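Chains as they are written, first to last, in this note's numbering: chain A, 5 to 187; chain B, 5 to 187.
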C-alpha cells in the first residue's frame, strides 16, 4: 500500500532557507492522475497555510462533486483519492486510521548521497504489502533537511545523463511511481 | 539521437474531433527539463497558431536571455534546447538540417492496440545511434489519427494498474524518457 504526500512546508527555497511554498494547481492534477494510474491508495496535499487549504478544497470539490465531475469523470476518479492536510502528522494519523498501521516514511531528493533505499528494494518491499508506505515529495527546492532526517528512508535520486537533474516534482513523482509500481 | 515534439495541431478533443489546442506553459518547462535530464537533443513545441508561437517565443526568450536566465540557470539550460515550429514538416526539416538525416517518427498514444514499437526495442534502437528519432506527444485528448498513421512507429502505451490510464502529457513524456533513456 503506497500513499503519496506533496509537501509545501517545510521545504527549501533557492537559498536553502526553509519556507512554505504556494500550491500549484497542476501538481495536484498530475500527481493524482499518476497515483491513480499506478494504484496508489491515497494522495495528500500538505500545507499549513489556511488560505491554501481552502483553495485546494475548492479545486477538489469542483472535480469531485461540482461541474468538473460531470465534465471529466476520469479526473473525478483521480481526485477522489486526494485530500488536503495541514501537516505530516495529520497525514500519518489518517493512514493509521485507514490501515491500522503507521506508515513507513520515504523521503525523496533530487541529488543526495545519503540515500538508504534503492528503487529495486522499494519495489520489492511494496510488493510484500506488509505495511503502508508514505512517499514524500518536496515542492520548491525540495524537502527541508528535518523532513529527510525524520523519514525512515531516503530514496535514491533519479539519475539523468550528463549530470543535469532538474525535473519538476510532477515529472519526478511520475517517474518514481513508474519505477516502483510500473510493469 | 532523440528529439521530442509536443503537438498542438492536429490533436483530438474529448469528442474525437480534430482541433488546435492552446499551449500550456508548464508543458514546455516540464518536458524541456525532462528532455535535458535524459539527454534528448532537442524539443519542439508545434502549433500553427501565430499568437501562440509568439507567446512561446516570449517565454523562451525570458528564460534564455531575459530576467529568467539570471534567476535560474538550470532552467535556461533546459529551455535553450527548445524551439517553436508551425508544423511537423518544419520540425523534420530542422532535424534534417542539423543531423543530415530525416528522423524516424514515433507517435505516442495512451491506449491503442496498434502499437508497433515496444519500449525495449525503442531503447535498443536509440542506443545504436544510427538515425535521429523524433518522438511525438499529443496535447488535449491525443494525436489525431492522421499523425499516428503518418508516423513510422506507434509506441506501446504506458500501462498502469486496474485499467485506469489517464496521465498528463507531462507525466507521460517523463516516464517514456525514463524508460527509453534512463538507467
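Where is the CB? At the ideal position from N, CA and C, for every residue including glycine. Computed from a predicted structure; not experimentally measured.
message: Cβ closer than 7 Å: which chain A residues qualify as neighbours of residue 30 of chain B?
response: The answer, in chain order, is 30.
- request: Report yes if the CB atom of residue 7 of chain A is closer than 7 Å to the CB atom of residue 62 of chain A, and no otherwise.
  value: Against a cut-off of 7 Å, the Cβ pair of residue 62 of chain A and residue 7 of chain A comes out as no contact.
field: Secondary structure, beta strand (DSSP E): runs of 3+ residues fully inside the region 136 to 185 of chain B
entry: Entirely contained in the region 136 to 185 of chain B, the beta strand (DSSP E) runs reaching 3 residues are, in chain order, 137 to 142.
Local Cβ density within 10 Å of residue 18 of chain A, reported as buried at 16 or more and exposed below that: Exposed, by the Cβ-count rule.
message: Strictly below 9 Å CB to CB, what residues from chain B border residue 43 of chain A?
response: 164, 165, 166, 168, listed in chain order.
Distance, residue 126 of chain B Cα to residue 133 of chain B Cα: Annotation: residue 133 of chain B to residue 126 of chain B spans about 11 Å, alpha carbon to alpha carbon.
- prompt: Where does residue 188 of chain A sit, in a helix, a strand or coil, going by DSSP?
  reply: There is no way to answer for residue 188 of chain A, as the model of chain A reaches only from 5 to 187.
query: If contact means a Cβ-Cβ distance below 9 Å, which residues of the region 55 to 82 of chain B contact chain A?
result: Within the region 55 to 82 of chain B, the residues whose Cβ lies closer than 9 Å to some Cβ of chain A are 75, 76, 78, 79, 81, 82, listed in chain order.
field: Residue of B:152, B:109, B:100 minimising C-alpha distance to residue 117 of chain B
entry: Comparing Cα positions, the closest option is B:152.
- prompt: Applying a beta-carbon distance threshold of less than 8 Å, which residues of chain B neighbour residue 118 of chain A?
  reply: What residue 118 of chain A touches in chain B: nothing, since even the nearest Cβ is about 19 Å away.
message: Between the alpha carbons of residue 97 of chain A and residue 66 of chain A, how many angstroms are there, rounded?
response: Computed Cα separation, rounded: 26 Å.
- request: Compare the C-alpha of residue 23 of chain A against each of A:51, A:180, A:158 and name the closest.
  value: Ranking A:51, A:180, A:158 by CA distance to the CA of residue 23 of chain A puts A:51 first.
Environment of residue 112 of chain B [buried if 16+ CB atoms lie within 10 Å]: Buried, since its Cβ has 16 or more Cβ neighbours within 10 Å.
task: State the start and end residues of the unbroken alpha helix (DSSP H) segment that holds residue 121 of chain A.
output: Per DSSP, residue 121 of chain A belongs to no alpha helix (DSSP H) and is neither H nor E.
task: Spell out a yes or no on whether the region 8 to 15 of chain B and the region 161 to 172 of chain A are touching, meaning 3 or more CB-CB pairs, one atom from each, closer than 8 Å.
output: With the cut-off at 8 Å, the region 8 to 15 of chain B and the region 161 to 172 of chain A do not touch.
message: Is the separation between the beta-carbon of residue 109 of chain B and that of residue 155 of chain B shorter than 7 Å?
response: Against a cut-off of 7 Å, the Cβ pair of residue 155 of chain B and residue 109 of chain B comes out as a contact.
field: Short CB-CB distance (under 7 Å) between residue 87 of chain B and chain A
entry: Not a single CB atom of chain A sits nearer than 7 Å to the CB of residue 87 of chain B.
- prompt: Can you name, in chain order, every residue of its own chain whose Cβ lies under 8 Å from the Cβ of residue 80 of chain A, other than the five neighbours on each side?
  reply: For residue 80 of chain A, where only same-chain residues beyond five positions count, the Cβ hits under 8 Å are 67, 68, 72, 73.
- prompt: Between the region 173 to 182 of chain B and the region 165 to 181 of chain A, do at least 3 Cβ pairs fall closer than 8 Å?
  reply: They touch, by the three-pair rule.
task: Determine whether the Cβ of residue 36 of chain B lies closer than 7 Å to any Cβ atom of chain A.
output: Residue contact with chain A for residue 36 of chain B: absent (no Cβ-Cβ distance below 7 Å to any residue of chain A).
message: Looking only at its chain, what residues have a beta carbon closer than 8 Å to the beta carbon of residue 29 of chain A, apart from the 5 residues adjacent to it on each side?
response: The beta carbon of residue 29 of chain A is closer than 8 Å to those of 63 in its chain, skipping five residues each way along the sequence.
field: Cutoff 8 Å; reference residue 93 of chain B; Cβ partners in own chain excluding five residues on either side
entry: Within the same chain, residue 93 of chain B has no close Cβ partners at all.
query: According to DSSP, is residue 112 of chain A helix, strand or coil?
result: Reduced to three states, the DSSP call for residue 112 of chain A is coil.
message: Suppose you measure from the CA of residue 120 of chain A to the CA of residue 169 of chain B; what does that come to, to the nearest Å?
response: Computed Cα separation, rounded: 31 Å.
message: Taking the alpha-carbon of residue 59 of chain A as reference, which of A:40, A:32, A:150 has the nearest alpha-carbon?
response: Per the C-alpha coordinates, the member of A:40, A:32, A:150 positioned closest to residue 59 of chain A is A:32.
- prompt: When the Cα atoms are used, what is the spatial distance from residue 149 of chain B to residue 20 of chain B?
  reply: The straight-line gap from Cα to Cα measures roughly 10 Å.
query: Can you list the residues of chain B that residue 33 of chain A reaches, using a CB-CB cut of under 7 Å?
result: Residues of chain B passing the Cβ test: 172.
task: Could you please give the first and the last residue of the uninterrupted alpha helix (DSSP H) stretch that includes residue 42 of chain A?
output: It is not in any alpha helix (DSSP H) - residue 42 of chain A carries neither H nor E in the DSSP assignment.
- prompt: Using a C-beta cutoff of 7 Å, does residue 180 of chain A count as contacting chain B?
  reply: For residue 180 of chain A, the nearest beta carbon of chain B is not closer than 7 Å to its own beta carbon.
- prompt: In the structure shown, what three-state DSSP assignment does residue 27 of chain A receive?
  reply: Here residue 27 of chain A sits in coil by DSSP.
- request: Report the neighbours of residue 40 of chain A on chain B: residues whose CB is nearer than 7 Å to its CB, in chain order.
  value: Per Cβ cutoff of 7 Å: 168.
task: With residue 10 of chain B as the anchor, note down where its beta strand (DSSP E) starts and where it stops.
output: In the DSSP annotation of this structure, the continuous segment of the beta strand (DSSP E) that includes residue 10 of chain B starts and ends at 6 to 11.
query: Do residue 88 of chain B and residue 57 of chain B have their C-beta atoms within less than 7 Å of each other?
result: Yes, the pair counts as a contact, with Cβ atoms nearer than the cut-off.
field: Buried versus exposed call for residue 195 of chain B [16 or more other C-beta atoms within 10 Å across all chains shown]
entry: For chain B, the structure presents residues 5 to 187; residue 195 of chain B sits outside this window and is missing.
message: Suppose you measure from the CA of residue 25 of chain A to the CA of residue 53 of chain B; what does that come to, to the nearest Å?
response: Using only the alpha carbons, I get a separation of about 34 Å.
- prompt: With which residues is residue 49 of chain B paired in a DSSP beta bridge?
  reply: According to DSSP, residue 49 of chain B bridges with B:10, B:88.
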